[in-house]
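Below is one structure; the comments refer to it alone.
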């Protein structure tokens, strides 16, 4: 390919990214509060996990069906589970930003992350309650009796607690067992792609990867089987109920721009249009119109109609 076409393609890509960035920044200026709260809660969750490490009491590993069936990966091969989780995490993040590059723009990145963070925070809140309610002896090699990492020494000052020693403090944590944080992220990501993704093969592959991640977590002895099992039904239930409370994302494929912040001039124009409709006896919201059919002198609503909703804070 000639340098001319390469430069032309790069120029188009830059314009597309700049255009998408301007739109996302407009949405971010209106929808930043929930995003910020979700990010802050990630730190709170990490702080809670570090706090329970101080309470952890190492002891004999509990009897576990998964441990009986699946061989232990051991210290040398424990990285396999973390590698797969890193792949899942990075793949999802890249997918949420694909509207900046590809033409298939089915959602806004800011709005999808608001939704994802809401799912994560609700699940992590329940997780904090459960692992503080009962501390189980950690099954991982660094949490067993005799390991210097199984218990944290009493902190000398508040900074030792507030600085959660990321990422070492997360990788070598103990006591935050029921239920698995890795499975929270994995299932939230897979469920989100199942709903808003467009490639059927990737959806099937994502669920297979989630199952593989579950088995690897047990094989690496990062969690008991109950931690993984509880995560599977808890996260799905959390997503189901939280999803009911959140307004549905607008489908960009139909050119919906109703969620974009309007200037004062645009608001005045819209207000005048609504007043005109009222004077003419029409509804103020075109989305309220439904196609109707006349049967025996009566009008019935077409049940196949789908309302287009806009996301509101």
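Residue numbers (the UniProt record's numbering): 1 to 313. By construction, the Cβ of each residue, glycine as well, lies at the ideal position given by its N, Cα and C atoms. Being a predicted model, the structure only gives us computed values, none of them experimental.
Under the three-state reduction of DSSP, which class applies to residue 224: helix, strand or coil? coil
Range of the contiguous alpha helix (DSSP H) that encloses residue 208: 200-219
Residues near residue 124 in its chain [Cβ-Cβ closer than 6 angstroms; skip 5 each side]: 45
Outcome for residue 121 when other beta-carbon atoms lying within 10 angstroms are tallied against a minimum of 16: buried
Just curious, the alpha helix (DSSP H) that residue 192 is in, first and last residue? 181-196
Residue 151 - DSSP class collapsed to helix/strand/coil: coil
Label residue 183 either buried or exposed according to how many other C-beta atoms from any shown protein chain fall within 10 Å of its C-beta, with 16 as the threshold for buried. buried
Fully enclosed by the segment 92-148, which alpha helix (DSSP H) runs are 4 residues long or longer? 109-133
Which of the three DSSP states is assigned to residue 243 in this structure? helix
Which residue marks the beginning of the alpha helix (DSSP H) containing residue 72, and which one marks its end? It is not in any alpha helix (DSSP H) - residue 72 carries neither H nor E in the DSSP assignment.
Since residue 162 is in the alpha helix (DSSP H), which residue starts that stretch and which ends it? 158-162
Reduced DSSP category for residue 175 - H, G, I as helix; E, B as strand; rest coil: coil
Every unbroken alpha helix (DSSP H) within the segment 1-89, with a cutoff of 4 residues, ordered by chain: 3-55, 65-69 and 74-77
In terms of alpha-carbon separation, which member of 172, 110 and 247 lies closest to residue 78? 172
Just to confirm, are residue 185 and residue 230 a CB contact at a threshold of 8 angstroms? no
8 angstroms contact criterion, which residue 181 and residue 127 should meet: CB distance rounded: 7 angstroms
DSSP-derived helix/strand/coil call for residue 165: coil
Report buried or exposed for residue 12, applying the criterion of at least 16 other Cβ atoms within 10 angstroms of its Cβ. exposed
Excluding sequence positions up to five away, which residues of its chain have a Cβ less than 6 angstroms from the Cβ of residue 28? 110
Tell me which same chain residues have a C-beta within less than 7 angstroms of the C-beta of residue 223, skipping the five on either side of it? 177, 180 and 217
Ignore the nearest five residues each way along the sequence and tell me which others in residue 14's own chain have a CB closer than 8 angstroms to its CB. none
Measuring only the C-alpha atoms, how far is residue 188 from residue 205? 15 angstroms
Can the beta-carbon of residue 21 be found less than 8 angstroms from the beta-carbon of residue 107? no
Give every residue of the same chain whose Cβ lies closer than 6 angstroms to the Cβ of residue 142, excluding the five residues on either side of it in the sequence, and list them in chain order. 149 and 172
Residue 242 and residue 191 closer than 8 angstroms at C-beta: no
Can you tell me whether DSSP reads residue 249 as helix, strand or coil? coil
Taking residue 213 as the reference, which of 55, 83, 198 and 10 has the closest Cα? 83
Given a cut-off of 8 angstroms, decide if residue 72 and residue 219 are closer than it, judged by their beta-carbon atoms. yes
Rounded to whole angstroms, what is the Cα-Cα separation between residue 39 and residue 33? 10 angstroms
Any chain C beta carbon closer than 8 angstroms to residue 136: The question asks about chain C, but that chain is absent: this structure has only one protein chain.
Reference residue 203, options 98, 211, 194 and 210, closest by Cα: 194
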